[in-house]
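Scroll down for the structure; my scribbles are underneath it.
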Amino acid sequence: MNIFLLGATGQTGSIFMKMAKETVITKMTEIIIKSMNENHISRIVTISTAGIHDEFSFVMNFIVKSFLKHAIHDHRLAADAIISSGLEYTIARPLALTKGPLTEVYRKTPKGVPRGGKEISRQDLAHFLLSVIENDEFKNETVGLAY
761 MNIFLLGATG QTGSIFMKMA KETVITKMTE IIIKSMNENH ISRIVTISTA
811 GIHDEFSFVM NFIVKSFLKH AIHDHRLAAD AIISSGLEYT IARPLALTKG
861 PLTEVYRKTP KGVPRGGKEI SRQDLAHFLL SVIENDEFKN ETVGLAY
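First residue of the sequence shown: 761, per this note's numbering; consecutive thereafter.
The structure is reproduced here in structure tokens:
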């Protein structure tokens with residue numbers, strides 16, 4: 761099984777992305793896709809962000825985009841590159857990440873975000889990613905995650 765797991769859940773990266781006006785994630789993703797194709801790796805599992813599909817309410821979309829306009833745009837372009845690449849993919853779209861414990865109890869939704877959900881711990885996000893790989897789930901889907 762050849763799978764590439766891409767993502768980081770560190771706070772430094774998220775702070776940088778709030779300020780970045782470049783498409784750093786998109787450029788990186790395009791390089792990774794090219795390398796995966798050259799090396800015959802067919803599946804990518806990655807972390808993006810909630811909001812890339814305008815899945816929030818009108819008011820929440822406005823608020824999120826006011827503060828994270830460039831980051832959301834960059835994540836959306838990267839997701840579009842993955843989706844159109846021909847690779848098998850799973851893109852996790854967590855809401856706010858916390859330092860909470862591993863619970864293994866969270867909601868997943870391929871469309872939108874879990875209703876009323878606001879956050880998920882980094883440990884539960886990691887649990888989801890490993891579960892996707894181990895159980896071969898959510899192929900060619902982007903998945904909203906929250907409690």
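For each residue, glycine too, the CB sits at the ideal point set by N, CA and C. Being a predicted model, the structure only gives us computed values, none of them experimental.
If the five residues before and after Val-784 are omitted, its C-beta is found closer than 7 Å to the C-beta atoms of Asp-834, all from its own chain and listed in chain order.
Excluding its 5 nearest sequence neighbours in each direction, Leu-885 has C-beta neighbours in its own chain below 8 Å: Thr-769, Ile-807, Ala-852, Pro-854, Leu-857 and Leu-905, listed in chain order.
As computed with DSSP, Glu-901 is found in a beta bridge with Thr-850. Partner residues in the beta bridge of Glu-879, as assigned by DSSP, are Ala-856. Bounds of the beta strand (DSSP E) holding Val-805 are 803 to 807.
The beta carbon of Met-788 sits closer than 8 Å to those of Ala-838, all from its chain and outside the five residues before and after it, given in chain order. Inclusion of Leu-847 and Ile-793 in the CB contact set at 8 Å is warranted, their separation being smaller than that value. CA-CA distance, Lys-871 to Glu-815, rounds to 8 Å.
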